[in-house]
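A.B. asks:
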Amino acid sequence: MSTQSRTALLGNGVRRLTEPRTIAILGIACGILAFWLALPPWTVRSVGGPLAAGFVALACGIAVVPRGERKLGWWAIALGVAGTLGAIWLQTKEAETLDSILTAGVLASTLRFATPLAFAAMGGIFSERSGIVNIGLEGMMLMGAFFGVWGAVWSGTWVVGLLMAMLFGGLLALIHAFFSIHLRADQIVSGFAVNFLALGVTGFLYSSIYPGGIETEVSRVPNVQLDFLYDIPLVGDLLGGVFGWIMFAVVILSYVILFKTPIGLRIRSVGEHPKAADTVGISVYGVRYGAVVTSGVLAALGGAFLSIGFVGTFTENMTSGRGYIALAAVIFGKWLPGWAFAATLLFGFGFALAIPLQREAGISENLISTLPYVLTLVALVGLIGRSIPPAAVGRPYVKG
Amino acid sequence: MNATRKLPWLLVLLVTLVLALVAAGCGGDDDDGEAGEDTAPADTSEAPAEPAISVGMVSDTGGLDDRGFNEFSIAGFERAQEELGVDGRVYVSESGDDYLPNLTAAVDDGHDLVIAIGFLIQPSVVEVATEATDVNFAGVDQFYGEEPDCGGENQSPCTVPNVVGLQFPSEEAGYLAGIVAAGVTKTGTVSTVGGIKIPPVDNWIAGFRQGVKDTNPDIKLLNAYSQDFVDAAKCKEIALDQISQGSDVVFQVAGQCGLGALDAAGEKGVYAIGVDADQSFAGPQVITSALKPLELAVFETIRSAVDGTFQGGTNRFFGIEEYPDAELLAPFTDAVPADVQAAVEEATQAMINGEIDPPATFD
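Here the protein sequences line up with chains A and B, keeping their order. All letters in the first sequence, in the order written, are residues 1 to 400 by my numbering. All letters in the second sequence, in the order written, are residues 1001 to 1363 by my numbering.
1) For the stretch 1073-1122 of chain B, which segments carrying the beta strand (DSSP E) assignment without a break, of at least 3 residues, lie completely within its bounds, in sequence order?
2) Taking Cβ to Cβ, would you say Ser411 (chain A) is nearer than 9 Å to Met122 (chain A)?
3) Beta carbon of Ala1326 (chain B), beta carbon of Glu1071 (chain B): below 9 Å?
4) Using only the alpha-carbon positions, how far apart do Asp1334 (chain B) and Val1340 (chain B) sit?
5) Below 9 Å between beta carbons: does that hold for Asp1241 (chain B) and Gly105 (chain A)?
6) So, is Gln1227 (chain B) buried or exposed, given that buried needs 16 or more other C-beta atoms within 10 angstroms?
7) Check the DSSP bridge columns for Gln1167 (chain B) and list the partner residues they point to.
8) Go ahead and pull the three-state DSSP assignment for Asp1060 (chain B).
9) Return no unless some Cβ of chain B is closer than 9 Å to the Cβ of Val153 (chain A).
10) When burial is assigned at 16 or more other CB atoms within 10 Å of the CB, is Gln1252 (chain B) buried or exposed?
11) Taking DSSP's pairing of strands, which residues face Phe1251 (chain B) in a bridge?
12) Runs of 3 residues minimum, wholly inside the stretch 141-218 of chain A: which ones carry the beta strand (DSSP E) assignment?
13) Could you say which of A:Pro20, A:Arg21, A:Ala52 and A:Ala304 lies nearest to Ile32 (chain A) if we only look at CA atoms?
14) Mind listing, in chain order, the continuous beta strand (DSSP E) runs of no fewer than 3 residues lying wholly within the stretch 232-282 of chain A?
15) My assumption, with CB atoms under 8 Å, is that Asp1382 (chain B) sits in contact with Val1212 (chain B). Please give the rounded CB distance.
16) For chain A, is any of its Cβ atoms less than 9 Å away from the one on Glu1237 (chain B)?
17) Pick from A:Ala165, A:Leu162, A:Asn195 and A:Ile23: whose alpha carbon is nearest that of Ile175 (chain A)?
18) Between Val24 (chain A) and the rest of its own chain, which residues show a CB-CB distance below 8 Å, the 5 nearest in sequence each way excluded?
19) Here's the rule I'm using: 16 or more other beta-carbon atoms within 10 Å means buried, otherwise exposed. How should Leu367 (chain A) be labelled?
20) Closest by CA to Glu1237 (chain B), which one among A:Phe147, A:Ala276, A:Leu163 and A:Ile355?
21) Can at least three beta-carbon pairs, one atom from the stretch 134-153 of chain A and one from the stretch 278-288 of chain A, be found at a separation below 8 Å?
22) Going by CA-CA distance only, name the one from A:Pro20, A:Trp158, A:Asn134 and A:Pro372 that's closest to Val221 (chain A).
23) Please report how far the alpha carbon of Asp1038 (chain B) lies from the alpha carbon of Ser1054 (chain B), in whole angstroms.
24) Return the CA-CA distance between Gln1081 (chain B) and Asp1087 (chain B), expressed in angstroms with no decimal places.
25) Please state whether the Cβ-Cβ distance between Gly148 (chain A) and Ile246 (chain A) is less than 9 Å.
26) In whole angstroms, what separates the C-alpha of Ala1049 (chain B) from that of Phe204 (chain A)?
27) Is DSSP giving Leu37 (chain A) helix, strand or coil here?
28) When the distance is taken between beta carbons, is Val1140 (chain B) closer than 9 Å to Leu1100 (chain B)?
29) Between which two residues does the alpha helix (DSSP H) holding Ile355 (chain A) run?
30) Out of B:Asp1108, B:Gly1260, B:Glu1083 and B:Gln1142, state which residue places its alpha-carbon closest to the alpha-carbon of Ile1198 (chain B).
31) So if DSSP puts Leu1329 (chain B) in a beta bridge, which residue, or which two residues, is it bridged to?
32) Run through chain A and tell me which residues come within less than 9 Å of Glu1094 (chain B), C-beta to C-beta.
33) Report the rounded CA-to-CA distance for Asp1363 (chain B) versus Val1193 (chain B), giving the unit in angstroms.
34) Output yes or no for whether 9 Å exceeds the beta carbon distance between Gly333 (chain A) and Met141 (chain A).
35) Hey, out of B:Ile1320, B:Val1135 and B:Phe1077, whose CA is closest to Thr1104 (chain B)'s CA?
36) So what's Thr1348 (chain B) in DSSP terms, helix, strand or just coil?
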């Protein structure tokens, strides 16, 4: 066999390995494995194995469903969840410690990790669907986190905090929009510039406005107590707070606006073929400005969740990379709101799971904390099936 | 083409953006810097008799107002400015990528003494100090080993002739915090939230665990790391997890990230213990804080440089034996009963006398 044909064969093999179908089958296998691990001959009595296998199954499923392998993908998701839960149920019959890993707490924690990511990811979808890459999500979240606290402290109420967060997140997005739309700057460079701008501005303002840190009690977004719901186990934990409700609403609204309204059609057409859109009288610049500013407002809400929603304080660079993970979720979810949300849940699950795993399974904390980031890498490299972005994304439009 | 004709105008805007970035990002310290540079040449040229020296402080990440590490190290510098008449400036590290450029800038600006804050900056200090042999360096929370237990695979780098490592046996304050935790727990479970698993973090935790065990060996100890010093949400999640496992005293050893752990304790109505500085601002759940005499260490180091006793190539310890008056715990709240306070007092004396020597590491 000549070397040429051998490399061709190898290339083919690799391609076949990364086909959605193969990935889906791998996911299904992992789902079954997750359950089987709890049974003889393995009888694994640590929850790490089944959880890891179930996790891979879920990841495979979420990755392939929007890429065409609907049936097999759903099977992988279902088997991943069922297999893991089944394995854990089997194990809890004997060992009590397992109870303490997959608790309602982990699910609630998953949702809390996913909330800021989901807001930013929805923002990212709006921006990218209109043809503007938004790496600046991170900075916009950070603006939201800081100005949320600032507004809440200054006015004494979280409502103003949220408004301020949205205002300044939108303003930062406007800078990004101006550079990438009007000045046709490289959108990646502009996005990074905006991130560093936010880091500098928030850090500087934080130390000049609150030289000794934030001494006063920060007004926080409350938890709406719907007693009849909170009495239900699990559900009560999951529906914690106003922010959770807003998040679900934003995800659903994003889908409806993008795919069921004329506005969404305009956004998408501008992102796919701006020239054609221009020809039929759509203002390409106008739509793009609107979409980018919307993305800033949404990302800022995600940041505000961190500061006035969850921890009640601001720390410098407190978003610590969530904007980038949100962007990965956008790509992972193929620029579709529902799937991007699923991706944020997956990342959130990775973060949340790391905590009890570190406590119980005795796996190195270094290794565990890489879990969500490994996923991010996989998503960004696009190994699992190809993500096809909106056709005109990243390309400035020159009015003809 | 339209695009090429627009190029100069684009360039101008890019430059404006960069300037805006610089102004926004470093605005606060630029003023300090200019002030420092204005006065520094005057010192060296016409007043050789004056004892004042110029000091460059290179911060760690997490901001200057972190109510912890940076803030209190810099407080020592500010005290030295007032009492010893030294001048200089602070170089802010926004991320780990800033360590090396900041240290290099501090050397280039002609400071006599460069103080680098934090454990993570240590490799950069070694790199810069080996080159800049005429400048003295001090590393807060850094340890420099002796041959053959240093460099290469070993945890600490070898001594450098012009560098002094400032060491804090944090296990001592951690030990006392452990006694407090064991004294106030009702559930019999207490926990620690660590930042990145590095020796300066583990020292606290090791002392804390020993303090708890020595008081009551039946108490269950939980420990987890966030692998982060800024992400308060992550530390809050970890603390919530520990509280759900029954912990009713949470000791945070994670800097800014740990503020989230204190918040979790407040939300769930359990006790918390702060770290590095008095963190009672976080709420009444913070019954005390384990302290590190950062201000003292930085001040003493600058003083040694001013009066000419600065000695490089070694480590200086700021423990209870060297400085028995240093405060190791912040004032207690009413939640700490008198007998627990007495036990803390007793243990402090025992440590001063050398009867108790808490371990610096744990399994």
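Heads up, the beta-carbon is just placed ideally off N, CA and C, and yes, glycines get one too.
C.D. replies: Answer, in terms of the structure:
1) 1087-1091 and 1113-1117
2) Outside the displayed span of chain A (1 to 400) sits residue 411 (chain A), for which this structure offers no information.
3) As a first step, residue 1326 (chain B) is located in the second sequence; it is residue number 326 there, counting from the start. As a first step, residue 1071 (chain B) is located in the second sequence; it is residue number 71 there, counting from the start. Against a cut-off of 9 Å, the Cβ pair of Glu1071 (chain B) and Ala1326 (chain B) comes out as no contact.
4) The residue you call residue 1334 (chain B) lines up with position 334 of the second sequence. The residue you call residue 1340 (chain B) lines up with position 340 of the second sequence. Rounded to the nearest angstrom, the two C-alpha atoms are 11 Å apart.
5) By one-based count along the second sequence, residue 1241 (chain B) stands at place 241. By one-based count along the first sequence, residue 105 (chain A) stands at place 105. Cβ distance < 9 Å, so Asp1241 (chain B) and Gly105 (chain A) count as in contact.
6) The residue given as residue 1227 (chain B) occupies position 227 in the second sequence. Classification for Gln1227 (chain B): buried.
7) For the purposes of this step, residue 1167 (chain B) is taken as residue 167 along the second sequence, with counting starting at 1. Gln1167 (chain B) is bridged to B:Phe1317.
8) Translated into the one-based positions of the second sequence, residue 1060 (chain B) becomes position 60. Asp1060 (chain B) falls in the coil class under three-state DSSP.
9) Position 153 of the first sequence, counting from 1, holds the residue named residue 153 (chain A). Not closer than 9 Å to any Cβ of chain B, the Cβ of Val153 (chain A) fails to qualify, so no.
10) The residue you call residue 1252 (chain B) lines up with position 252 of the second sequence. Classification of Gln1252 (chain B): buried, given that the 10 Å Cβ count is 16 or more.
11) Taking the first residue of the second sequence as position 1, residue 1251 (chain B) is located at position 251. In the DSSP output, where bridge partners are listed per residue, Phe1251 (chain B) has B:Thr1192 and B:Ile1273.
12) none
13) Taking the first sequence and counting its residues from 1, one reaches residue 32 (chain A) at position 32. Nearest C-alpha to Ile32 (chain A): A:Ala52.
14) none
15) No information on residue 1382 (chain B) is available, as it lies outside the stretch 1001 to 1363 that chain B covers here.
16) Against the second sequence, residue 1237 (chain B) aligns to sequence position 237. Yes, contact with chain A.
17) Locating residue 175 (chain A) in the first sequence gives position 175, where the first residue counts as 1. The residue with the shortest Cα to Cα distance from Ile175 (chain A) is A:Asn195.
18) For this step, residue 24 (chain A) is matched to residue 24 along the first sequence. Sequence inspection shows Ala at residue 24 (chain A); the Val mentioned does not correspond to that position. So the qualifying residues of the chain are Cys60, Gly61, Val64, Glu69, Leu72, Gly73, Trp75 and Ala76.
19) Indexing the first sequence from 1 puts residue 367 (chain A) at position 367. Flag for Leu367 (chain A) reads exposed.
20) The sequence position of residue 1237 (chain B) within the second sequence is 237, counting from 1. Taking only the C-alpha atoms, the option nearest Glu1237 (chain B) is A:Ile355.
21) no
22) For the purposes of this step, residue 221 (chain A) is taken as residue 221 along the first sequence, with counting starting at 1. Residue A:Trp158 is the option with its Cα nearest to Val221 (chain A).
23) Position 38 of the second sequence, counted from the start, is the residue given in the question as residue 1038 (chain B). Position 54 of the second sequence, counted from the start, is the residue given in the question as residue 1054 (chain B). The predicted model places Asp1038 (chain B) with a pLDDT of 40, which falls under 50 and marks its position as unreliable, so this point remains unresolved.
24) If you number the second sequence from 1, residue 1081 (chain B) lands on position 81. If you number the second sequence from 1, residue 1087 (chain B) lands on position 87. Taking the straight line from one Cα to the other gives about 6 Å.
25) Residue mapping note: residue 148 (chain A) aligns to position 148 of the first sequence, counting from 1. Residue mapping note: residue 246 (chain A) aligns to position 246 of the first sequence, counting from 1. No, the Cβ-Cβ distance between Gly148 (chain A) and Ile246 (chain A) is not below 9 Å.
26) Translated into the one-based positions of the second sequence, residue 1049 (chain B) becomes position 49. Translated into the one-based positions of the first sequence, residue 204 (chain A) becomes position 204. Confidence is the limiting factor: at Ala1049 (chain B) the pLDDT is only 44, short of 50, which leaves the residue's position unreliable, though a coordinate-based value still follows. Their backbone Cα atoms lie some 38 Å apart in a straight line.
27) Along the first sequence, one-based indexing puts residue 37 (chain A) at 37. The answer is coil: DSSP assigns Leu37 (chain A) none of H, G, I, E or B.
28) Looking up residue 1100 (chain B) in the second sequence gives position 100. Looking up residue 1140 (chain B) in the second sequence gives position 140. In this structure, Val1140 (chain B) does not lie closer than 9 Å to Leu1100 (chain B) by Cβ.
29) Within the first sequence, the letter at position 355 stands for residue 355 (chain A). Element bounds for Ile355 (chain A): Pro337 to Glu360.
30) Taking the second sequence and counting its residues from 1, the one referred to as residue 1198 (chain B) is at position 198. Among B:Asp1108, B:Gly1260, B:Glu1083 and B:Gln1142, the Cα nearest to that of Ile1198 (chain B) is on B:Gln1142.
31) Counted from its first residue, the second sequence places residue 1329 (chain B) at position 329. DSSP, once it has assigned bridges, lists B:Ala1290 as partnering Leu1329 (chain B).
32) Within the second sequence, numbered from 1, the residue matching residue 1094 (chain B) stands at position 94. Near Glu1094 (chain B) (Cβ distances below 9 Å), the residues of chain A are Phe196, Leu199, Gly200, Gly203, Glu316 and Asn317.
33) Counted from its first residue, the second sequence places residue 1363 (chain B) at position 363. Counted from its first residue, the second sequence places residue 1193 (chain B) at position 193. Their backbone Cα atoms lie some 16 Å apart in a straight line.
34) Numbered from 1 along the first sequence, position 333 holds the residue referred to as residue 333 (chain A). Numbered from 1 along the first sequence, position 141 holds the residue referred to as residue 141 (chain A). No, the Cβ-Cβ distance between Gly333 (chain A) and Met141 (chain A) is not below 9 Å.
35) Mapped onto the second sequence, residue 1104 (chain B) falls at position 104. For the residues B:Ile1320, B:Val1135 and B:Phe1077, the minimum Cα distance to Thr1104 (chain B) belongs to B:Val1135.
36) Your numbering for residue 1348 (chain B) matches position 348 in the second sequence. Helix.
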